[in-house]
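**Q**
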Amino acid sequence: MPATTFTLETMRSRLAAIGQEQVLAFADSLDAEKLDHLLGQLAALDLDAIPELVAAYVTTKPEPHLPADIQPAPYYPSNPTAEFRPWDADHFRAVGEGLLRAGKVACFTVAGGQGTRLGFDGPKGCYPAGAVTGRPLFQFFAEAIAKTGEKYGKTPPWYIMTSPLNHDATVAYLAKHDHFGLDPEAVMLFPQGVMPSFDMQTGKMLLAEPHALATNPDGHGGSLRALKVSGALADMQARSIEYLSYFQVDNPIVRVADPVFLGLHAAAPDSSGEMSSKMLAKVAPEEKLGMFCVADGTLQIIEYSDLPMDLQRERLADGRLRFLAGSPAIHLLSVAFLDKLNSDPKFALPYHRAEKKVACVDPATGERIVPGVPNAVKLERFVFDAMPLAARSIVYEANRTDEFAPIKNAEGTDSPQTSRDIQTRRAAGWLEAAGVAVPRGGDGEPDCTIELSPRTAVDSRDIDGATVGPIAPKAEVVV
Ligand code: UTP
Numbered sequence: 002m003p004a005t006t007f008t009l010e011t012m013r014s015r016l017a018a019i020g021q022e023q024v025l026a027f028a029d030s031l032d033a034e035k036l037d038h039l040l041g042q043l044a045a046l047d048l049d050a051i052p053e054l055v056a057a058y059v060t061t062k063p064e065p066h067l068p069a070d071i072q073p074a075p076y077y078p079s080n081p082t083a084e085f086r087p088w089d090a091d092h093f094r095a096v097g098e099g100l101l102r103a104g105k106v107a108c109f110t111v112a113g114g115q116g117t118r119l120g121f122d123g124p125k126g127c128y129p130a131g132a133v134t135g136r137p138l139f140q141f142f143a144e145a146i147a148k149t150g151e152k153y154g155k156t157p158p159w160y161i162m163t164s165p166l167n168h169d170a171t172v173a174y175l176a177k178h179d180h181f182g183l184d185p186e187a188v189m190l191f192p193q194g195v196m197p198s199f200d201m202q203t204g205k206m207l208l209a210e211p212h213a214l215a216t217n218p219d220g221h222g223g224s225l226r227a228l229k230v231s232g233a234l235a236d237m238q239a240r241s242i243e244y245l246s247y248f249q250v251d252n253p254i255v256r257v258a259d260p261v262f263l264g265l266h267a268a269a270p271d272s273s274g275e276m277s278s279k280m281l282a283k284v285a286p287e288e289k290l291g292m293f294c295v296a297d298g299t300l301q302i303i304e305y306s307d308l309p310m311d312l313q314r315e316r317l318a319d320g321r322l323r324f325l326a327g328s329p330a331i332h333l334l335s336v337a338f339l340d341k342l343n344s345d346p347k348f349a350l351p352y353h354r355a356e357k358k359v360a361c362v363d364p365a366t367g368e369r370i371v372p373g374v375p376n377a378v379k380l381e382r383f384v385f386d387a388m389p390l391a392a393r394s395i396v397y398e399a400n401r402t403d404e405f406a407p408i409k410n411a412e413g414t415d416s417p418q419t420s421r422d423i424q425t426r427r428a429a430g431w432l433e434a435a436g437v438a439v440p441r442g443g444d445g446e447p448d449c450t451i452e453l454s455p456r457t458a459v460d461s462r463d464i465d466g467a468t469v470g471p472i473a474p475k476a477e478v479v480v
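Quick note, our numbering runs 1 ahead of the 1-based positions in the sequence shown.
If you want it as structure tokens, here you go:
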């Protein structure tokens, strides 16, 4: 019997034992290469775990487990005042700058998502985000990393997590653009793991093609394992990196390797230096950001959709939201923490269920199905579920206009247009603070469009106003 036939029969009986043999419906008619592909996909899965996952997350909808006592999380305010949690930002900046100068910091972009809401054809990091030139997202990050190197004398290495679905395209894109000027030896791309997508009604694994399972990346939380499996963690250890600045691919103005945040993470008395987070003051209770809370004595993020709305609407006497701290998914992780998590054979973040539309092939008829409504369950892990695993985790308030212009949707909130508007608003504020005249309309908004290169400034203090002339009304300028 040829090896493939033997493997096929073994796989068939393993799948029969877990009620998933439908994925081999077309196996007998596949050529050797396609059969290999399918068997390879199946061999990479933890098949024994699937019945339990299906029962827990797919055929039943898990109820969110809400802790009994949920309190707002404490945080370090971006503008420390005597009245509200004063802290010495200059001290922590100096600590963070010391770590950057010592080359202890790397950057980490999670770019394995599918970006379905934006609907861009290609890896999301290639999206033209710049307000004037359409500078791509990856270029924003590369330039911010280069600027950090220029300021502190050591360029942080850059780790990028892709998925098997966009890895090759991302590698080719960065190579074509010469890694936007970074040393290719210090840019490491690795794909994350995938999970099979399941039929929402039956819990059966779906086929995307007769020879291919329908799969989805296993969530940004999959990064914690993928860092280890890919060798990225070992690479960091070899480079004596101690801290990882974690950010998403969708925010062009994210403050990479922020020295104040680094200083707090490494040296604040209530931080164990394992995992820290930035927060944004929510503008309205309905803003869809996960909320930093303290529950069961532990700092954690409770999803927007899980936290009761009456709690999210509560206000303090001065009118501020009591639950104010929303998550923009910006973290610091220590290499030692990542190593510790991965050294525990039982380490596994929980799964979250998402109902999605997944095109598939009917195993009974071979017919292609393009669903109009969600037909599938995808299982993903979320990075913030690692926070409670840190001994003491802290939260630091980011400045909204300075650091958060995400591109999630094609239109409306968190879209390319809102991102461009925020980019201009931030650049205008920074330029004015440096003495540059910026035209403003009657509504106080800039009457121009400005794209600020991170090579010029990653911090308002980097701008040399003397080198920038006044900006004309309606002008489109790149600084
Ligand atoms: P999102 O939650 O915005 O998901 O990811 P997404 O898949 O990119 O977009 P939609 O929901 O399909 O529109 C937040 C960040 O986490 C990364 C994304 O690339 C983005 O930077 N991510 C998400 C991963 O790296 N892997 C995943 O499996 C999921």
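Ideal placement from N, C-alpha and C gives every residue a C-beta, glycine not left out.
Let me know the beta strand (DSSP E) ranges lying completely inside the stretch 174 to 240, each 3 residues or longer, listed in chain order.
**A** 188 to 192, 195 to 197, 208 to 210 and 216 to 218
**Q** R102 by DSSP, collapsed to three states: which one?
**A** Under the three-state reduction of DSSP, R102 is assigned to helix.
**Q** In the DSSP assignment, what are the bridge partners of V478?
**A** I451
**Q** Can you tell which of P65, T216, D47 and G182 has its C-alpha closest to the C-alpha of A377?
**A** T216
**Q** Would you identify the three-state DSSP class for I51, choosing helix, strand or coil?
**A** helix
**Q** Below 8 Å on the Cβ atoms is my guess for T163 versus G194; work out the distance and round it to an integer in Å.
**A** About 12 Å; that fails the 8 Å criterion.
**Q** Taking E540 as part of the alpha helix (DSSP H), name the residues at either end of that continuous run.
**A** Nothing in the structure corresponds to residue 540, since the chain is present only between 2 and 480.
**Q** Where in the stretch 237 to 272 do unbroken runs of the alpha helix (DSSP H), each at least 4 residues long, occur, reported from the N-terminal end onward?
**A** 260 to 268
**Q** Leaving out five residues on either side along the sequence, give the residues of the same chain with a beta carbon under 7 Å from the beta carbon of Y58.
**A** Y352, R354, V378 and L380
**Q** What's the gap between the Cα of E315 and the Cα of Q42?
**A** Approximately 48 Å between the Cα atoms of the pair.
**Q** Check each residue's C-beta against every heavy atom of ligand 1 and list, in chain order, those closer than 5 Å.
**A** V111, A112, G113, G114, Q115, G116, T117, R118, P218, G220, H221, Q249 and V250
**Q** Would you identify the three-state DSSP class for H66, choosing helix, strand or coil?
**A** coil
**Q** Candidates P286, E287, E288 and I303: which alpha carbon is nearest C294's?
**A** I303
**Q** Report the CB separation of G327 from F385 in whole angstroms; it is logged as a contact under 8 Å.
**A** That belief does not hold up - the Cβ atoms of G327 and F385 are roughly 12 Å apart, past 8 Å.
**Q** Out of E64, L16 and F27, which has the shortest C-alpha to C-alpha gap to L308?
**A** E64
**Q** For D70, tell me which candidate among K62, Q301 and L333 has the shortest Cα-Cα distance.
**A** Q301
**Q** Would you list the residues sitting across from L333 in a DSSP beta bridge?
**A** S246 and S277
**Q** If the criterion is Cβ atoms closer than 8 Å, does the pair P375 and M237 meet it?
**A** Not a contact, by the Cβ cut-off of 8 Å.
**Q** Which residue comes first and which comes last in the beta strand (DSSP E) that contains K357?
**A** H353 to K357
**Q** Let me check understanding here. Comparing Cα to Cα, which of P372, R86 and R102 lies closest to A74?
**A** R86
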